[in-house]
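Every position in the sequence shown, counted from 1, becomes a number in my numbering once 66 is added.
Cβ atoms here follow ideal geometry from the backbone N, Cα and C, with glycine treated the same way.
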Amino acid sequence: MELSDDGLVELEPSQDDMDYNSEPEVPTSPVPFEQFEPPERSLGALDNRSPPGIEVMGTHMRAAELDGGMDDYLSQDEDAHLDRDYRFDHLLGDAENDDQNEHFPEHMVNPFPEDEEGGLDDAMEDEDFGLPDGQGDQEQPEAFRFEIDEDLLEELAGQADNDFVDAGEGAGDRYQAFNEHELVRNAYIDAFIQKTVFGATHRAISHQLRAACRTISANPNVPLEDITNMAQTIRTAETRLGVGTDAIITTYTLCPKCRRRYTPEHISTTDSDTCLNPECEGILFVVRRLASGGERRVSNLTFPFASPIAWIKHLVNLPGVSELLQHWRNDQSDHEVSRPIPSGEWMENLDLNKPIGNISDGWGWRSTSAGLERRIDPNTGHVYDNSVLDPPIRFVSLPFGLSLTLNTDWFQATKEQNYSVGACYLALNNLPRHLRFLRENISLCIVMPGPKEPNDYALDQMLEPLVDELLQLKQGVRMTVRRGNPPVYEEEVVHGELSQHIADLIARIKMGGGAGLKSELNFCLYCHSLLSSLSVPAGYMREEFRFRDPQEELRNAYRWRALDSIQERRQLFNETGNRFTALHRIPGWHTSTSSPIDAMHLLYLGAMNWIVKQVLVAPGIFNKRRPADQDPQIIFNNSLGTMWVPKSFNRLPPKLGQTRGSIKADQWKLTSRVLHIPLYMALRTGDEIHNTSAPSGTRSSPSEKHRGHRAYLLHQQRQKYFESIGQPDLCPPLRECYSSRNLRFHYRQVLRFCVGVNIIDRRSVTAAEIAFAQQLLELLAKDYVTHNVPLPPNFHYMMHLEESILKSGSVYNTHVWGMERANKIVSQVNHNGKGRGVLEGTLMRGWWNYTAIQNLIEVMRSLPNPTEADQMVIRDLLMALRGGPEHAHQKGTLGDFITQCQSAYTQLYGIHEPFRLSMQSRTIDIEKLGIYELMLQFCIELWPDAGIFGPGLARNLYLAPVGMVRNHSYVEFNGTRYGAYTHTSGKGYSYGYIDGRHAVRIERILHVKFEGEEGMECICALVRGFQLPRAVPQFPWDNWAGHLGTASWEFGELGEPMLIHANRFSGIFALFEVPMSYGRYWVTVALDSVTPERDPDDDYE
């Protein structure tokens, strides 16, 4: 029965699995029980009842039967609580939530030892649980196994030996190529570019060198000796050019069984081929006989290591780098040797409305002391950091106090997608953020051999060479530093410290020695919340968190290392969640404070992913509400399908039904910016989202099975939580653990998330904005669990965003987008697919070829009498670097480049050429197109003193209708592309903002030039503005439009054409069509913070 305006109307039973009477099988969210009868109870209400006898996903709960049976209970009206209104204009705290929080006692102290065997049911964190199979769900191939062909190995060893002989006898000293004829030398460079930039194989390069030799031999000016001795392999060519990577890369051997590390010197001099660890019988190497008759020891397992000291020495010798490392020094105290500023003092003086952007804006930058040493008290065993300097000196106030970021990740290195390789990268935080994560400024330090991730011991063994050099940098290393242009080289003491480790959550836990996400006591790196507390609001009450003490955690790690037995270590680890790792040797390093939140994985691959899949889709929020209604899922997908976004967004938000499989982070990020619009269209009835629930299915329907299983898992966690605090009677029964299907509730939650994420994921954000966004995310999580929506640990980790940003600056300093691009580059290096460290070594050398390019450019520039061909070679080498100081130095604008890097705009958005026109263009007849008068008036206003005139006017400069204006398909302004609606190649970029947030359609991109007149050329655009709506629509997001970047416009109406200077473009947007009962509207959503970074290779029309 349903109550309508006309009274009770009995609906015919539906023919499908949906119950369109919206009478659920179980109740949903707890609500204040003074609102209705019979009373619903909150999670904190006293109740000694046991859960009913019910089968959930094949699990029987033995308990007292409900009076009247489950069927009578399921007939209760879920909508009894719908008198409560979920207001969309009020996203901050609800009174009922605040009251409910008071029911929770202190929960941080757990009197019971941890049961490591328990853990969460795997389905609790399965983001695809309950979803139907989709197009993205692909069967994984059988695990690839490397088969070693011994005959082939012998052949390769012989070839390597021949190459070595070739290099030794014919190559000569490093840079010998610069003593050969320039045609020969440049042929070597061309071959090197083919390998490094275009990925040519050794076989193809050998052919290219032989072909070049034939061509050069026909030139009578080339000495016969140079032709006769010309290199025939890329290895020889690289040796003669001096571009080898041996000076920076060391290859260590690992025991194939226990993974103990051995130096190259040990392998070359040892008398035994077996591992030195007791009870390990691993064979370290085999002896191969070479074609020359000699012997060579070939390690069975290796990993490459690149020296960070050698990397920094290389960087400070490049033009402009030493100046760029100082760009952050804005305050007077930054130019002086100053004392450290404790975090408490920084917080006391914090301006809540001052933007926090770069990492140097956070409290962590100026809080670290120089001269730190990590010491152990021999009497107490306590570990502490002590500065040898008195008074203490701020680390970054040293002339070259370099702050380093470490990133660790594992990725698939083969097409079969099951050979996992680990990589450790270093980046210099002193560089401007837009340069910090460029390939040429990132050091690939370690490539960890696959096919599986290493265990803890193996990881520490591979990290130790890196930590050894970081400890050297902590004390200071003398280096030659280049300054100025022309350059002056001076010796300086360069210090370095590891400030932070950015990675996904699993890698942060693994590298920091954490307990893992299934640990009841220690799942969180930052506080002591219980894992089971995530089933109740207590797990998200930030004011109640007991944060981890870095000093106590450090002592626990060293206690763990001092224990002798595995059992003792396991017990301490279970109690504290702390294990010693190689990083704990570094003074100032603390896992809890040196591992900032990664927004990419947390907000997008974590939270947004979960909300769409497990909160909205799987529980049936998109179920049809009436038999005659259009399917909400189809409405949602149609809305996304008709959404216009610039063509540069190759990855669009996933459509419902296609969310299984691999959805990329940038897809979820774009989803978080636009989700509130298609969700509104899918959940509304008429123009409103009604205060009703999505209909339940039958007990056998996928959505009800999903809700039942989630309720069972949630109930298990709640039982565990209330038992841990000694009050098991407070745990609600199973029947009160089913998630809410209220449409307004779910829409309000999505609105909270979208607003919060839009605020917090910016290049620059104030402390007040951070606090507001954090409050929204806290209420989001508390309201979800109050309404019985289970959440994975990612939602708890979101509660720690504020402290992370205040220390490390905006999330753009700690997210891993740049490092993910680095993984992509490494994974695309050509290799032969062989394991045992061979593949890993190839990947490492492929990465460091960029350093060789930079060195080669400097050598070419130092030639005494460079020819035009030499200049062309330099330009070809610069192509691979795609911007940066090297380009500016070549153009003679290095000083301007450094100055621009220090500007506030550049530090936020990066350096781009102000304007870049499409290569294709043609002259047009502006009179024939009907825009002559517009162009004439535009030019007169732009150059008022030039005397520009048209037909019938006697002035100084004549604007001809034909020949002076060219039509282009697009222009790029500050790195963003704007295209012409009338051009095939530009139509995909033909909408944008001007003057802030005024939406326009771009009809044409024009370039006007008065030949022979200096400075009289301009890039302009013919645009038509969107029109404000005549009848202002009422949308649920209106109060938050500023934060969401949304605006409403009259559908299909554009203003009169007008010509504007291209520098008035101010951004891009997504465009939706939203029909209402009183009209149709265009709705735009700003995409400023999700603009994809253009691939430098993507220079197509």
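Around the C-beta of residue i, are 16 or more other C-beta atoms found within 10 angstroms, so that it is buried, or is it exposed?
i       : result
Asp337  : exposed
Leu1072 : buried
Thr764  : exposed
Phe688  : buried
Phe264  : exposed
Ser95   : With a pLDDT of 34 at Ser95, under the threshold of 50, the modelled position of that residue is not reliable, and no figure is offered here.
Gly605  : buried
Pro1141 : exposed
Leu501  : buried
Gln840  : buried
State the Cα-Cα distance for the pair residue i and residue j, rounded to the nearest angstrom.
i       : j       : result
Glu563  : Ile572  : 23 angstroms
Lys323  : Thr737  : 46 angstroms
Thr1042 : Val1066 : 15 angstroms
Met514  : Met528  : 8 angstroms
Lys584  : Trp412  : 36 angstroms
Ala357  : Trp626  : 51 angstroms
Lys1053 : Phe1076 : 28 angstroms
Phe838  : Phe503  : 29 angstroms
Gly822  : Pro859  : 18 angstroms
Val1151 : Ala1113 : 7 angstroms
Cys803  : Pro856  : 9 angstroms
Leu995  : Phe466  : 60 angstroms
Leu418  : Ile825  : 15 angstroms
Arg739  : His393  : 33 angstroms
Glu91   : Gly654  : Unreliable placement is indicated for Glu91, whose pLDDT of 38 sits below 50; the coordinate value is still reported in the next sentence. For Glu91 and Gly654, the distance between alpha carbons rounds to 56 angstroms.
Arg544  : Glu530  : 22 angstroms
Arg614  : Leu1110 : 35 angstroms
Leu943  : Phe1004 : 42 angstroms
Val939  : His656  : 48 angstroms
Tyr1170 : Glu1116 : In the structure displayed, the chain extends from 67 to 1167; residue 1170 sits before or after that span and is not available.
Would residue i pass as a contact of residue j if the rule is Cβ separation under 8 angstroms?
i       : j       : result
Arg326  : Gln242  : no
Met1218 : Pro286  : Lying outside 67 to 1167, the shown extent of the chain, residue 1218 is not represented and no answer is given.
Lys735  : Tyr670  : yes
Ile652  : Leu536  : yes
Asp1061 : Arg988  : no
Ile990  : Asn1033 : yes
Val1149 : Ile743  : yes
Ser595  : Glu586  : no
Leu620  : Val449  : yes
Gln541  : Pro662  : no
Gly1133 : Asn424  : no
Met1001 : Ile992  : yes
Gln920  : Glu506  : yes
Ile632  : Asn675  : no
Tyr1044 : Tyr1036 : yes
Judging by CA-CA distance, which residue of the options is the nearest neighbour of residue i?
i       : options                         : result
Glu835  : Thr302, Pro421, Asn640          : Pro421
Arg1063 : Tyr624, Leu718, Gly1091, Asn588 : Gly1091
Phe351  : Met1124, Met709, Thr335         : Thr335
Ser404  : Val353, Val462, Trp429, Val382  : Val462
Phe258  : Leu416, Asn915, Gly1121         : Asn915
Leu591  : Pro289, Leu922, His862          : His862
Ser805  : Leu817, Val851, Val816          : Val851
Thr546  : Glu402, Thr647, Leu384          : Leu384
Check whether the segment 658 to 667 and the segment 874 to 884 are in contact - that is, three or more C-beta pairs closer than 8 angstroms. yes
Can you confirm whether the segment 750 to 763 touches the segment 809 to 828 when touching is taken to mean that 3 or more C-beta pairs between the two stretches lie within less than 8 angstroms? yes
Spell out a yes or no on whether the segment 554 to 562 and the segment 390 to 402 are touching, meaning 3 or more CB-CB pairs, one atom from each, closer than 8 angstroms. no
Evaluate contact between the segment 245 to 258 and the segment 295 to 304, counting only Cβ atoms and requiring at least three cross-stretch pairs below 8 angstroms. yes
Taking 8 angstroms as the cut-off, does the segment 481 to 490 touch the segment 428 to 437 (at least 3 CB pairs, one atom from each stretch)? no
Using 8 angstroms as the Cβ pair cut-off and three pairs as the minimum, do the segment 839 to 848 and the segment 606 to 620 touch? yes
Measuring CB atoms only, is the segment 492 to 510 touching the segment 353 to 367, in the sense that at least three cross pairs come out at less than 8 angstroms? no
Using a Cβ distance threshold of 8 angstroms, determine whether the segment 710 to 724 contacts the segment 638 to 648, with at least three qualifying pairs required. no
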